[in-house]
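Chemist: The first sequence runs 47 to 410 under the working numbering.
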Amino acid sequence: MRDTPQASELLAWYDRHARDMPWRVSPGQRRAGQRPDPYRVWLSEVMLQQTTVAAVRGYFHRFTLRWPTVADLAAAEDTQVMAEWAGLGYYARARNLLKCARAVMADHGGRFPDTRDGLLDLPGIGPYTAAAISAIAFDQPETVVDGNVERVMARLFDVATPLPTAKAELTHLAAGLTPRDRPGDYAQAVMDLGATICTPRNPACGICPWRTPCRARAAGTAPDLPRKLPKKPKPVRVGYAYVGRRTDGAWLLERRPDSGLLGGMLGWPGSTWSEVQPARNPPMLADWQMLPEEARHTFTHFHLRLKVLIADLPVDADPNAGHFVDRHAFRPSDLPTAMRKVFDLARDAFTTEGAGIGKDTGHG
DNA sequence: GACACGTGGTC
DNA sequence: TGACCAAGTGT
47 MRDTPQASEL LAWYDRHARD MPWRVSPGQR RAGQRPDPYR VWLSEVMLQQ TTVAAVRGYF
107 HRFTLRWPTV ADLAAAEDTQ VMAEWAGLGY YARARNLLKC ARAVMADHGG RFPDTRDGLL
167 DLPGIGPYTA AAISAIAFDQ PETVVDGNVE RVMARLFDVA TPLPTAKAEL THLAAGLTPR
227 DRPGDYAQAV MDLGATICTP RNPACGICPW RTPCRARAAG TAPDLPRKLP KKPKPVRVGY
287 AYVGRRTDGA WLLERRPDSG LLGGMLGWPG STWSEVQPAR NPPMLADWQM LPEEARHTFT
347 HFHLRLKVLI ADLPVDADPN AGHFVDRHAF RPSDLPTAMR KVFDLARDAF TTEGAGIGKD
407 TGHG
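This is the structure in structure tokens:
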């Protein structure tokens, strides 16, 4: 099949407007025969899942500085990788990242498969990421379909069917445009178009390289596409979090189970989080003081309000939950954001207490 | 197909 | 302040 005029038009636009990203090889560099490092393409694609480019940049820089190759990453300690991922969210990605790196070393001789099907077998690599790595790193004519591509196709072909029902149709339409020439650049071009021109709100149709063929623009429906099924409301869950500080400055932390919310991450001991107030369950007997302010955080599917309790603990403390982390070994940046918010409140309280301010002395 | 799974930016 | 949104995958 011949490549479409739309594909050529978009590639011409990409040659002029490709965004600069540390994992990317520019169109000019590609012409000079340069290919991106599959390890960096894979790492960036996993980090970019449901995440913005701005949020990923710093993490990508730190990961590649610390683990320059897939062999380095495969040899890393789990806790080190989880700590480096802290704050980026969707922590199953980090756990699968390690599994994938180790599978590449153990089963593929340290090289990433270059086909979509080969990549699909690896942990954390689904239909989107398999197509993206295959296209971008190996220039295979695979069709990438992410949220950007769905939006661009829904508008280009004026598809009124709501997502996720429309997914199969949009994938088919996208496949019909994927060129045999420069599929890697093309994949990035459609996503760049969606990220910079064909945006969810206020699309810049006037400067779009596809403004002429775009049916939604002609129909005036572009800003309303793609349609989406209404979302469920988020319930509020509540719970307790206990921030204990030993006299020598060590903090009482706990490693969360590998599965489930914030799986594998460091956190504060505490209650379960539920829609009804759970029972208090301090990790040890102590003079726990509840802070006046709650830690608030919103996850994908619920709002969380945590009551924070703090206490000074003796040097011979023997808690029934968690373990002490030396004050020099503890970095708040190793915590997922919800837990870091708890720490921020507790740290302020410990500080004002030390200064003799705000402490409930029981005399007053 | 439905749901669990994070976070920070934007309006 | 709150709802929506972003380069999805696993179960």
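Ideal Cβ positions, reconstructed from N, Cα and C, are used throughout, including at glycine.
To which residues of the same chain is Thr407 closer than 8 angstroms at the C-beta, ignoring the five residues directly before and after it?
Modeler: The count along the first sequence starts at 1 and reaches residue 407 at position 361. Model confidence at Thr407 stands at a pLDDT of 33, short of 50, so the residue's coordinates are unreliable and nothing is read from them.
Chemist: Which word fits Asp364, buried or exposed, when buried means at least 16 other C-beta atoms lie within 10 angstroms of its C-beta?
Modeler: In the first sequence, residue 364 corresponds to position 318, counting from 1. The residue in question, Asp364, is exposed, as its Cβ has fewer than 16 Cβ neighbours within 10 Å.
Chemist: Using 8 angstroms as the Cβ pair cut-off and three pairs as the minimum, do the segment 112-132 and the segment 375-392 touch?
Modeler: yes
Chemist: Can you tell me where the alpha helix (DSSP H) holding Thr245 begins and where it ends?
Modeler: Counted from its first residue, the first sequence places residue 245 at position 199. Note, Thr245: premise wrong, no alpha helix (DSSP H); not H, not E.
Chemist: Can the beta-carbon of Met93 be found less than 8 angstroms from the beta-carbon of Val116?
Modeler: For the purposes of this step, residue 93 is identified with residue 47 of the first sequence, where counting begins at 1. For the purposes of this step, residue 116 is identified with residue 70 of the first sequence, where counting begins at 1. Cβ distance not < 8 angstroms, so Met93 and Val116 don't count as in contact.
Chemist: Taking the alpha-carbon positions, what's the Ala147 to Pro68 distance?
Modeler: Locating residue 147 in the first sequence gives position 101, where the first residue counts as 1. Locating residue 68 in the first sequence gives position 22, where the first residue counts as 1. Rounded to whole angstroms, Ala147 to Pro68 spans 20 angstroms at the Cα level.
Chemist: Alpha helix (DSSP H) containing Asp124: first to last residue?
Modeler: On the first sequence, residue 124 is found 78 positions in, with the first residue counted as 1. Boundaries of the alpha helix (DSSP H) harbouring Asp124: 124-131, taken from the DSSP string.
Chemist: Where does Thr398 fall in DSSP's three states?
Modeler: Locating residue 398 in the first sequence gives position 352, where the first residue counts as 1. Three-state DSSP puts Thr398 in a helix.
Chemist: Using only CA atoms, which one of Gly285, Arg157, Ala296, Arg351 lies nearest to Asn327?
Modeler: Working through the first sequence from its first residue, we reach residue 327 at position 281. Taking only the C-alpha atoms, the option nearest Asn327 is Gly285.
Chemist: In terms of alpha-carbon separation, which member of Met311, Val87, Ala100 lies closest to Val71?
Modeler: As a working mapping, residue 71 is identified with position 25 in the first sequence. Here the closest residue by C-alpha is Val87.
Chemist: DSSP state of Met336, grouped into three classes?
Modeler: As a first step, residue 336 must be located in the first sequence, where it is residue number 290. Note: Met336 maps to strand in three-state DSSP.
Chemist: Which of helix, strand or coil does DSSP assign to Phe109?
Modeler: Looking up residue 109 in the first sequence gives position 63. Correct three-state label for Phe109: helix.
Chemist: Just tell me which of Ala325, Pro329, Ser320 has its CA closest to the CA of Trp314.
Modeler: Counting from 1 along the first sequence, the entry for residue 314 is found at position 268. Nearest of Ala325, Pro329, Ser320 to Trp314, Cα basis: Pro329.
Chemist: Taking Cβ positions, are Gly290 and Ala357 nearer each other than 8 angstroms?
Modeler: Sequence index remark: in the first sequence, residue 290 carries index 244 (1-based). Sequence index remark: in the first sequence, residue 357 carries index 311 (1-based). Against a cut-off of 8 angstroms, the Cβ pair of Ala357 and Gly290 comes out as a contact.
Chemist: Can you tell me whether DSSP reads His63 as helix, strand or coil?
Modeler: The residue labelled residue 63 in the question sits at position 17 within the first sequence. Helix at His63.
Chemist: Suppose you measure from the CA of Pro82 to the CA of Arg162; what does that come to, to the nearest Å?
Modeler: Taking the first sequence and counting its residues from 1, the one referred to as residue 82 is at position 36. Taking the first sequence and counting its residues from 1, the one referred to as residue 162 is at position 116. Roughly 17 angstroms separates the two Cα atoms.
Chemist: For Pro272, which residues of its own chain have a beta-carbon under 8 angstroms away from its beta-carbon, when the five flanking residues on both sides are left out?
Modeler: Within the first sequence, the letter at position 226 stands for residue 272. Within the same chain, Pro272 has close Cβ partners Glu196, Arg197, Ala200, Arg201, Val205, Pro208, Leu209, Ala212, Leu216.
Chemist: Going by CA-CA distance only, name the one from Arg302, Leu299, Gln186, Asp270 that's closest to Pro84.
Modeler: For the purposes of this step, residue 84 is taken as residue 38 along the first sequence, with counting starting at 1. Selected option, being the one with the closest Cα: Gln186.
Chemist: Does His374 come out as helix, strand or coil in the three-state DSSP assignment?
Modeler: As a working note, residue 374 is residue 328 in the first sequence. Of the three classes helix, strand and coil, the one that applies to His374 here is coil, per DSSP.
Chemist: Please return the same chain residues whose Cβ sits closer than 8 angstroms to the Cβ of Ala177, not counting the five positions on each side in sequence.
Modeler: The residue given as residue 177 occupies position 131 in the first sequence. Result list for Ala177: Arg162, Glu188, Thr189, Val190, Val191, Ala233, in chain order.
Chemist: Starting from the C-beta of Arg351, find all residues in its chain whose C-beta is less than 6 angstroms away, skip the five residues before and the five after it, and write them out in chain order.
Modeler: Position 305 of the first sequence, counting from 1, holds the residue named residue 351. Excluding sequence neighbours, Arg351 sits near Val284, Glu340, Arg342.
Chemist: Suppose contacts are defined by Cβ-Cβ distances below 8 angstroms. Is Val236 in contact with Leu355 by that definition?
Modeler: Walking along the first sequence from the start, residue 236 turns up at place 190. Walking along the first sequence from the start, residue 355 turns up at place 309. Cβ atoms of Val236 and Leu355: not closer than 8 angstroms.
Chemist: Where do the ends of the alpha helix (DSSP H) carrying Thr211 lie?
Modeler: Taking the first residue of the first sequence as 1, we reach residue 211 at position 165. Premise fails: Thr211 is in no alpha helix (DSSP H) and is neither H nor E.
Chemist: Please list, in chain order, all residues of the same chain as Ile182 whose beta carbon is under 7 angstroms from its beta carbon, the five residues on each side excluded.
Modeler: Counted from its first residue, the first sequence places residue 182 at position 136. So the qualifying residues of the chain are Pro82, Val87, Gly230, Ala233, Gln234.
Chemist: Does the ligand MG have a heavy atom nearer than 7 angstroms to the CB of Leu202?
Modeler: Here there are no bound small molecules, and the ligand MG is not part of this structure.
Chemist: So, is Leu119 buried or exposed, given that buried needs 16 or more other C-beta atoms within 10 angstroms?
Modeler: Against the first sequence, residue 119 aligns to sequence position 73. Flag for Leu119 reads buried.
Chemist: Given this structure, state the Cα-to-Cα distance separating Asn366 from Trp297, to the nearest angstrom.
Modeler: For the purposes of this step, residue 366 is taken as the residue at position 320 of the first sequence. For the purposes of this step, residue 297 is taken as the residue at position 251 of the first sequence. If I take the Cα positions, the gap works out to 14 angstroms.
Chemist: Can you tell me whether Ala367 is helix, strand or coil according to DSSP?
Modeler: As a working note, residue 367 is residue 321 in the first sequence. Here Ala367 sits in coil by DSSP.
Chemist: Quick test of your reading: Gly310 and Arg141, contact by CB under 8 angstroms. State the CB separation rounded to the nearest angstrom.
Modeler: Residue numbering aside, residue 310 sits at position 264 when the first sequence is read from its first letter. Residue numbering aside, residue 141 sits at position 95 when the first sequence is read from its first letter. In this structure Gly310 touches Arg141 by the C-beta definition: roughly 5 angstroms separates them, less than 8 angstroms.
Chemist: Below 8 angstroms between beta carbons: does that hold for Leu223 and Ala375?
Modeler: One-based indexing of the first sequence puts residue 223 at position 177. One-based indexing of the first sequence puts residue 375 at position 329. No. Outside cutoff.
Chemist: If you reduce the DSSP assignment to three classes, tell me which class Glu300 lands in.
Modeler: As a first step, residue 300 is located in the first sequence; it is residue number 254 there, counting from the start. Glu300 falls in the strand class under three-state DSSP.
Chemist: Whose CA, out of Tyr288, Gly240, His369, Ala122, lies closest to the CA of Asp333?
Modeler: Counted from its first residue, the first sequence places residue 333 at position 287. Cα-wise, what sits closest to Asp333 is Tyr288.
Chemist: May I have the straight-line CA-CA distance separating Trp256 from Asp124, to the nearest angstrom?
Modeler: Taking the first residue of the first sequence as 1, we reach residue 256 at position 210. Taking the first residue of the first sequence as 1, we reach residue 124 at position 78. Rounded to whole angstroms, Trp256 to Asp124 spans 45 angstroms at the Cα level.
Chemist: Measuring alpha carbon to alpha carbon, tell me which residue in Gly79, Ala100, Asp390 is nearest Pro66.
Modeler: On the first sequence, position 20 is the one that residue 66 refers to. According to the sequence as given, residue 66 is Asp; it is not Pro. Among Gly79, Ala100, Asp390, the Cα nearest to that of Asp66 is on Ala100.
Chemist: When we look at the beta-carbon of Glu91 and count the other beta-carbons within 10 Å, is it buried (16 or more) or exposed?
Modeler: Start at 1 with the first residue of the first sequence, and residue 91 comes out as number 45. Buried.
Chemist: Mind reading off the beta-carbon distance from Pro73 to Tyr60? Whole number of angstroms is fine, and I expect it under 8 angstroms.
Modeler: Locating residue 73 in the first sequence gives position 27, where the first residue counts as 1. Locating residue 60 in the first sequence gives position 14, where the first residue counts as 1. Right, the Cβ-Cβ distance comes to about 6 angstroms (below 8 angstroms), so this counts as a contact.
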